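Residue numbers (the working numbering): 9 to 126.
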Amino acid sequence: MNIVMQRLHLTHPLHFVIGLTLWSAWFVTVYGGHAVACEVIPPDPEQGVFTLVNALLLMVSLAAVALLAALTVGCYRMSKRHAGRLRFNARVSAGLYLFSTFGVLFAAMPIIGIPPCL
């Protein structure tokens, strides 16, 4: 049996939960990774915010923001091409992706301002 993977269209209702799921996965990964890194290889407190731990957390955060922002733009553009229910699905998905993007940005702010492992 040959199974072909198809792309999940940006008007699909599953996108209602994907943004918040990506945000929660990011949150668990970043803050769980922070706790593990501080236990295994704690950086010197005199380094301030310029540590390998913060750099890695920032890179993961920027990747999550880029993905969520791309999905936001994609859903919004898709909503302009459709009408009715498909337009509604794409617009709501775009809004939820945007909300998740700002959630990542807001929760990642301590990474750039507070030294890790305090």
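Even for Gly, the Cβ is constructed at its ideal location relative to N, Cα and C.
The structure presented is a predicted model; accordingly, all values stated were derived computationally and were not measured.
Local Cβ density within 10 Å of residue 23, reported as buried at 16 or more and exposed below that: Burial call: buried.
Compare the C-alpha of residue 61 against each of 87, 31, 49 and name the closest. Minimum Cα distance to residue 61 is reached at 49.
Validate contact between the region 35 to 42 and the region 87 to 97 using beta carbons, cut 8 Å, 3 pairs: no
Hey, quick one: how far does the alpha helix (DSSP H) through residue 58 stretch, first residue to last? No alpha helix (DSSP H) holds residue 58; DSSP gives it neither H nor E.
With DSSP run on the structure shown, which of helix, strand or coil describes residue 125? coil
In whole angstroms, what separates the C-alpha of residue 53 from that of residue 71? 26 Å
State the Cα-Cα distance for the pair residue 101 and residue 120, rounded to the nearest angstrom. 29 Å
Exposed or buried, what is residue 129 when buried is set at 16 or more other beta-carbons lying within 10 Å of its beta-carbon? Only positions 9 to 126 of the chain appear in the structure, and residue 129 is not among them; the question remains open.
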